[in-house]
Every structure is written in structure tokens, then in C-alpha cells.
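Following: one structure in C-alpha cells, then a few remarks.
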Amino acid sequence: MADASTDRVNRFRTEAASRGLPSEEVEEWIRVARPAVYLAEGGNGPLVARVGGDPMLPQGVPRPSDPFVASVDLAALPPGVTGLPLPADGHLLLFSGTDVHGTGGQVSDAVLHVPAGIPTTSSPLAHGWREPYRPRELRTVWHQPSAQMPESFALDRWGDFPEDEQFELADELGDAWAQVGGYRPSWALQIGGHPVSPQNDPVHHARDPEEAGPSEQEGTARGEGADDWALLATWRCGDDVTELDSGVAHWVVRRRDVAARRFDRVHRYVEMA
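Under full-length UniProt numbering, the sequence shown has 244 at position 244, and the numbering climbs by one with no breaks.
This is how it looks when you write it as C-alpha cells:
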């Protein structure tokens with residue numbers, strides 16, 4: 001764990017102790033935190049991700065069914081900061097519309113990995129009335145542990161029906177964690193970690209056996225548990241999407257599918273506050 005992350009964890013322990021929170025639950029909160037990287041506009045660092053505009057696609061690749069959101073230069077990310085077995089180089093392309101109807105689910109062309117060295121060209125996508133999202137460059141990068149949302153922590157810790165006191169404890173843990181977080185710029189893109197959702201936890205939704213496709217049910221039958229599901233990315237739409245109020249798009253995937261480069265098995269969810 002990086003020094004800054006270790007310092008935050010230690011300050012969280014101190015803050016939680018000052019509030020009288022149970023040390024066992026404090027350590028569990030820390031244990032289930034996952035590494036994440038956050039990208040924002042501004043700064044003079046290298047270009048790590050590009051949001052909006054037209055995607056750079058290899059020739060012959062079928063055009064994705066949804067608008068282009070972002071392209072992440074995987075080689076520009078410090079090693080290990082996402083906690084996911086992502087490729088070491090190339091670009092990860094994310095696609096999403098803004099339709100919040102339905103519950104989301106598997107979308108075979110919501111994520112593409114373009115390996116390094118593959119020739120690409122600018123590829124405008126036609127999606128009816130939708131103009132490309134506003135082009136932006138993300139050059140500000142930081143990474144830190146990402147905690148679960150309190151409700152998600154409570155459900156994982158105490159089962160499907162936690163007591164009110166347990167939900168309240170999870171909220172207090174979340175408050176203590178936020179208290180020692182320090183200032184961070186308003187990020188546009190998150191890779192890895194736990195989701196921040198205005199409605200429902202997309203990772204919980206994706207790992208529901210009733211939502212799994214045949215290949216995913218087979219994986220569960222082989223003993224691969226719910227912990228294999230992880231957040232791949234979250235995009236905060238912001239003012240770029242006027243039809244959504246504080247809209248977000250999430251891409252959720254099994255770790256084994258990331259390792260196998262099976263991005264066609266990604267689940268995508270679009271929400272608004």
C-alpha cells in the first residue's frame with residue numbers, strides 16, 4: 001500500500017476510535033476497500049484519458065452500438081493502482097448511451113481493448129440525435145483505497161436483512177472514512193475500486209445469479225464466488241448529458257473475464273440521482 005494510502009487508513013483508525021466504533025468492523029471496512037484510480041480535467045501531466053469526441057478504432061472493427069465515452073491509455077496508469085488484471089498497454093474504450101430504462105446488464109460492445117501498435121483511425125459514430133459527448137482531456141490522476149458504500153458494506157457484512165443499528169454503524173464508518181479523505185478534485189472517470197452510485201450498487205446487481213448469463217452461471221457453478229465481480233469503470237456524466245440529473249454510467253465485470261480479455265462480457269448500468 002502506498003504511503004498516502006497507509007496514512008489515510010491509519011487516520012481512519014484514529015477517527016473511528018474517537019467515535020467509539022467497534023475495531024472489528026473498522027478492520028473489516030479497511031479489508032474490503034479496493035484500490036482505484038481517479039482521472040480529472042486540469043493539470044499539466046501526460047494525457048491519460050480522453051473523454052468525448054470520436055473514438056479511434058481499428059479498421060474492420062464493428063461500430064459499437066452506443067456513443068463513445070472515453071479512451072484510457074493503460075500504459076499511462078501506474079502499475080497495480082486499479083486492482084484489476086488489466087492489460088499493461090493499449091487503450092481501453094468505453095461506450096454508453098443515456099437510457100436509464102430497464103435494469104442494465106451485459107452489453108457485448110460496451111468496452112473494447114485496442115492493443116498497442118494496432119493502427120486506428122478517427123471513427124465518427126452515428127446515433128440519431130445524439131452528438132458526440134464534449135471532448136475533454138484528463139491529465140490529473142490520483143489513486144487511493146476505495147471504500148464500499150455503507151449500504152453495500154452492511155449487506156455484505158450482515159446478510160440480506162441487516163438490522164437498523166447495523167445500517168447506522170455502516171453509515172458511521174462511511175462518515176469517518178470521508179472525514180479523513182482530504183481534498184480531491186471532482187473526478188470524471190474512475191477505474192477499479194468500489195462504485196459510487198446514486199441509486200443501486202451495480203456490482204451487487206451484476207452478481208445476482210438471476211441476472212447472470214449462461215457462461216456466468218457456469219462460472220458460479222465452478223465455485224467462483226461473488227467477489228469475482230468488480231467495478232471496471234464509472235463515468236460521471238455531469239453537464240455533458242443534460243437529459244440526466246447527476247448521471248453516471250458504470251461498467252462491471254468479472255475479474256476472470258478481464259484476465260481473459262473477455263470485455264464482451266461486461267455489464268453496463270446507467271443511473272441518475
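Beta carbons are placed, not taken as given, at the ideal position from N, Cα and C, and that holds for glycine.
Remember, predicted model here, so these are calculated numbers, not experimental data.
Point to revise | Residues of its chain near W129, where Cβ-Cβ distance is below 7 Å and the 5 sequence neighbours each way are ignored | key: none
Review point. Given a threshold of 16 other Cβ atoms within 10 Å of its Cβ, counted over all protein chains shown, does residue 291 qualify as buried or as exposed?
Key: Because the chain in this structure spans residues 1 to 273, residue 291 falls outside the shown range and cannot be described.
Review point. So, using beta-carbon positions, are P58 and I118 closer together than 7 Å?
Key: yes
Point to revise | Spatial distance of S123 from Q190 (CA atoms) | key: 24 Å
**Study point:** Chain-order list of residues whose beta-carbon lies under 7 Å from that of V180 (same chain, five-residue window excluded)
**Key:** R8, R11, F12 and E15
Exercise for review: Check whether the Cβ atoms of V107 and H91 lie closer than 7 Å to each other.
Suggested key: no
Point to revise | Backbone CA spacing between A126 and L94 [nearest angstrom] | key: 16 Å
Review point. Quick one, which of Q148, Q144, D160 and P202 has its alpha-carbon nearest residue 290's?
Key: Because the chain in this structure spans residues 1 to 273, residue 290 falls outside the shown range and cannot be described.
Review point. Which residue from A154, Y133 and G182 puts its Cα closest to that of W142?
Key: G182
Check your understanding: Buried or exposed: A259, going by 16 or more other Cβ atoms within 10 Å of its Cβ?
Key -> exposed
Exercise for review: May I have the straight-line CA-CA distance separating A249 from T234, to the nearest angstrom?
Suggested key: 6 Å
Check your understanding: Would A17 pass as a contact of A49 if the rule is Cβ separation under 7 Å?
Key -> no
**Study point:** Of the residues T242, T121 and C237, the one placed nearest A188, counting alpha carbons only
**Key:** C237
Review point. In three-state terms, what does DSSP make of G52?
Key: coil
Exercise for review: Alpha carbon to alpha carbon, how far is Y133 from S152? Give it in angstroms, no decimals.
Suggested key: 31 Å
Point to revise | Helix, strand or coil at T242 [DSSP, three-state] | key: coil
Exercise for review: Drop a sphere of 10 angstroms on the beta-carbon of L232, count the other beta-carbons inside from all chains shown, and report buried for 16 or more, exposed for fewer.
Suggested key: buried
Check your understanding: Looking only at C-alpha atoms, which of L244, P22 and D240 sits nearest to P135?
Key -> D240
Practice item. Provide the residue(s) that pair with residue 301 in DSSP beta bridges, ordered along the chain. Key: Residue 301 cannot be examined here, being either before or after the span of the chain that is shown, 1 to 273.
Practice item. Using a threshold of 7 Å, state whether the C-beta atoms of A88 and V266 are closer than that. Key: no
Review point. Cβ of V196 within 7 Å of Cβ of V252?
Key: no
Exercise for review: Tell me whether the beta-carbon of A40 lies closer than 7 Å to the beta-carbon of P185.
Suggested key: yes
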